[in-house]
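Number of protein chains: 2
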Amino acid sequence: MIAIPLLEKYNGIIKNYQSGDIIFEEGKQPTHYYQIISGEVKMNNYNDEGKEFIQGIFYKNQCFGEPPLFIDQVYPANAVAVTDSELIIITKDKFFELLKNNSDISLAIIKNLSQRLYYKSVMAAEISSQDPEHRVLRLIDYSIEQLNFKKEEAGFLINFTRQQIGDLTGLRVETVIRAIKSLEKKGDLKIINRKVYR
Amino acid sequence: MIAIPLLEKYNGIIKNYQSGDIIFEEGKQPTHYYQIISGEVKMNNYNDEGKEFIQGIFYKNQCFGEPPLFIDQVYPANAVAVTDSELIIITKDKFFELLKNNSDISLAIIKNLSQRLYYKSVMAAEISSQDPEHRVLRLIDYSIEQLNFKKEEAGFLINFTRQQIGDLTGLRVETVIRAIKSLEKKGDLKIINRKVYR
DNA sequence: ACCATTTTATGACTTAAATCATATAAAATA
DNA sequence: TATTTTATATGATTTAAGTCATAAAATGGT
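As given, the protein sequences belong to chains A and B, one line each in that order.
Counting in UniProt numbering, the first sequence runs from 1 upward without gaps.
Counting in UniProt numbering, the second sequence runs from 1 upward without gaps.
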């Protein structure tokens, strides 16, 4: 998103997280802008029974957790490192200063938020009213489009576990496994030693 | 969102829609920026079986449908007038010109998108994993916070039909009616001649 | 190389919400 | 005012996805 040298100019500091580390928590006041240098971060919620819902998974060069910064609200979800990750963060004040002095960044932020809102709109409609197979396939297609999944001879390798697909679509693992099996039978995707290709 | 005189300066034109009129359709290329002068607009999708999902309802002074404009994608949902409505619209080109010449508007757009993303995050987690009563109550509380529902002696009047609550939460009318009844019994809200107060 | 954990997998059973049917009240319209 | 349409309401039934149990393969750490 934002060039690292520019972030460093605004007192950007580098932080390292281990897989599973919590970066920030739901309900807490936002204080920084976060951008991924390397690794993988998910934002999630837990419902009253402890079931996880993954709001999104973020990768290299992506930022996450800005909306509450702009609207003075607490975080609506947690941010957790999925793998060991290196992040660069700057304070809220410095972030606004940076924005003020770099009008092109505003447009980048707008585009990024628009992209995320688009994903949420698509998935909201899916989750609320489509059947499991439809939901899973949509998530897969959207992810191929947006994330950099590798194209192999068998097709795009879907780099999600069944559990992650479940947590992203609001389904249980068993349901995802069954949906994927059924989609394979219909020829909509391939399973080659447990890995999913589309 | 954007002052009407400013929109007029950028060739803004006023359009009138009757209740039920389609403003734009899912899958179509976006061409304009839309802002409500008066009336009420919903964005929605229909699933394969024709069930409606309402992405959001928009009121006076609010804009809608910009994200696809910024990311060069087709509309992810339809926009439909819920009541007779008066809108002001400007072309995509003029909108970008306006943004370029008015840097303060960029921040307003960012805040608006952040607010909508926040709503989507909260509702996504609700819809995917909370029970009907929880979902309905969350929608109601969020709507009180964001929309200008009138405060009366009995509490805030929830200006939604049961069907609209269903379409916003991914539930069926009957389920919403039962959830609301149950929430009333628990004292979480009031029903006074069929109207819901919180 | 071994053990613990995670991931994928499948069958049997349960359950919560959807569906279907029907009714009445309220609002809109002719 | 009468009539159609929309919104709220409730009971009975169905069903799709969740839950539970169990297992085997794959992965990761020591």
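We put the CB at the ideal spot given by N, CA and C, even for glycine.
- Runs of alpha helix (DSSP H) with 4 or more residues, each lying fully within the UniProt domain "HTH crp-type" (130-198) of chain A, are found at 132-146, 162-169 and 173-185, listed in chain order.
- Distances from the CA of TYR118(A) to each of ALA3(B), ILE110(B), LEU87(B) and VAL74(B) were compared; the closest alpha carbon is that of VAL74(B).
- Among the CB atoms of chain A, one or more fall inside 8 Å of the CB of ASN45(B).
- Under the three-state reduction of DSSP, GLU86(B) is assigned to strand.
- Out of LYS190(A), GLN62(A), PRO132(A) and ILE13(A), the CA that lies nearest to the CA of GLU152(A) is found in LYS190(A).
- In the assembly as shown, ILE54(A) is a buried residue. Its beta-carbon has 16 or more other beta-carbons within 10 Å.
- Annotation for ASP188(A): LEU137 place their beta carbon closer than 7 Å to its own, counting only its chain and skipping 5 residues before and after.
- Residue environment: ARG194(B) is assigned as exposed (fewer than 16 neighbouring CB atoms within 10 Å of its CB, all protein chains considered).
- Of all residues in the segment 61-91 of chain B, those with a C-beta nearer than 9 Å to a C-beta of chain A are GLU66, PRO67, PRO68, LEU69, PHE70, ILE71, GLN73, PRO76 and ALA77, reading in chain order.
- From the beta-carbon of PHE53(B), the residues of chain A found nearer than 8 Å are ALA124, ALA125, SER128 and SER129.
- If you compare the alpha carbons of PRO76(A), ASP167(A), LYS185(A) and ARG178(A) with that of TYR142(B), the shortest gap goes to PRO76(A).
- In the three-state DSSP reduction, ALA125(A) falls in the helix class (H, G or I).
- Proximity to TYR17(A) across GLU86(A), LEU171(A) and ARG172(A) peaks at GLU86(A), based on C-alpha coordinates.
- Partner residues in the beta bridge of ASN78(B), as assigned by DSSP, are ASN44(B).
- For LYS111(B), the chain A residues whose Cβ falls inside 7 Å of its Cβ are PHE70 and ILE71, in order along the chain.
- Proximity of chain A to GLN115(B) at the Cβ level (cut-off 9 Å) is accounted for by PRO67, PHE70, ILE71 and GLN73, in chain order.
- Contact between ALA81(B) and GLY65(B) is ruled out by a C-beta separation of about 13 Å, above the 8 Å threshold.
- DSSP lists CYS63(A) and ILE88(A) as the beta-bridge partner residues of GLN35(A).
- Residue contact with chain A for LYS120(B): present (Cβ-Cβ distance below 8 Å to some residue of chain A).
- At least 8 Å separates the CB of SER143(B) from every CB of chain A.
- Look at SER103(B): its C-beta is under 8 Å from a C-beta on chain A.
- At least one CB of chain B lies nearer than 8 Å to the CB of SER106(A).
- By the criterion of a C-beta distance shorter than 8 Å, ALA108(A) is surrounded in its chain by MET1 and ILE2, once the five residues flanking it on both sides are discounted.
- What GLY27(B) touches in chain A, judged by beta-carbon distance under 8 Å, is nothing: the nearest beta carbon there is about 12 Å away.
- Here the segment 114-133 of chain A does not lie against the segment 5-13 of chain A, with fewer than 3 beta-carbon pairs under 8 Å apart.
- The Cβ of ASP93(A) sits no closer than 8 Å to any Cβ of chain B.
- Taking CB atoms only, ASP48(B) has a neighbour in chain A less than 8 Å away.
- For SER182(A) against GLU133(A), the beta-carbon gap comes to about 6 Å, under 8 Å, which counts as contact.
- Judged by their CB atoms, THR169(B) and ARG198(B) are not nearer to each other than the 8 Å cut-off.
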